[in-house]
Amino acid sequence: MLGDFLGDALVAQVLLVLGYAALIGLTAQIVIILPFTPVPITGQTFGVLVGAMVLGTRRATIGSLIYLFLGLVGIPWFAGASGGFEIVSTPSFGYLLGFVLASYIVGTLAEKGFDRKFLGTLGVMVIGNLVIYLLGAGWLAFVSGLGLSQAILLGVVPFLIGDGIKALLADVLLPTAWRVADRFESR
């Protein structure tokens, strides 16, 4: 009986982690191309940050690493149904690295309860986005030969309004997401 419980609990954890990786991949397919920046607007930041708040540090970090690894080996679930190691040389790769670090930081903040109130959730979303922007704009500057101010202009500014909307949406959806995850874990 204990073995069945431990087996069921392990299966539930694995499914949550794989589901998180799949969520990032699905939200990557929400793509808006802007003609003035080499980085598309996607739904990924929403999936990464909300998922990390629901799953916590360990599961979110593992899930984002699985997403990154499987995409690098060719699963076409990066933005625009792309995949493969060649993504490393693109302006978008830094954002993918930022997802892993943001998953860790946001998951940690969520485990400490910072995401349980409206302003706290907004704050956690802002911190997560800043981490993604830092690595994303840094990589954009590196591979494109841009200065920091130009990288911020092309790789951060176009995303600010959308990420603000995503943060407000997260505040609305998180209580439901926690209930679903709690039910899933209690099976």
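First residue of the sequence shown? That's 4 in this note's numbering, and the numbers climb one at a time after it. Where is the CB? At the ideal position from N, CA and C, for every residue including glycine.
If we ignore side chains and look at the alpha-carbon of each, how far apart do residue i and residue j end up?
i, j, result
"THR93", "LEU143", "8 Å"
"ILE164", "ALA170", "10 Å"
"VAL91", "ILE27", "18 Å"
"GLY46", "GLN32", "7 Å"
"LEU58", "GLY110", "7 Å"
"VAL146", "THR48", "21 Å"
"VAL160", "VAL53", "21 Å"
"LEU149", "PHE96", "15 Å"
"ILE155", "ASP11", "46 Å"
"LEU21", "VAL14", "10 Å"
"LEU125", "SER152", "25 Å"
On a CA-only basis, which of the options is nearest residue i? Give me that one, please.
i, options, result
"ILE69", "ILE108, LEU19, ALA140, ALA84", "LEU19"
"GLY127", "PRO79, ALA173, GLY22", "Residue 127 is actually Val in this sequence, not Gly. For VAL127, the nearest C-alpha among the options comes from ALA173."
"LEU71", "GLY158, VAL103, VAL42", "VAL103"
"ARG119", "VAL17, ALA55, LEU177", "LEU177"
"ARG62", "ASP166, VAL17, ILE168", "VAL17"
Tell me whether residue i counts as near the ligand COA, meaning its Cβ is closer than 6 Å to at least one heavy atom of that ligand.
i, result
"GLY74", "Looking for the ligand COA in the displayed structure turns up nothing, as the structure carries no ligands at all."
Compare the beta carbon distance of residue i and residue j with 7 Å and say whether it is the shorter of the two.
i, j, result
"GLY83", "GLY74", "no"
"LEU138", "LEU112", "no"
"GLU114", "THR64", "no"
"ALA105", "VAL134", "yes"
"VAL34", "GLY158", "no"
"GLY66", "ALA24", "yes"
Name, in chain order, the residues that DSSP records as bridge partners for residue i.
i, result
"ILE44", "ILE35"
"PHE72", "None; PHE72 has no bridge partner."
"SER67", "Partner(s): none; SER67 has no beta bridge."
"PHE81", "SER85"
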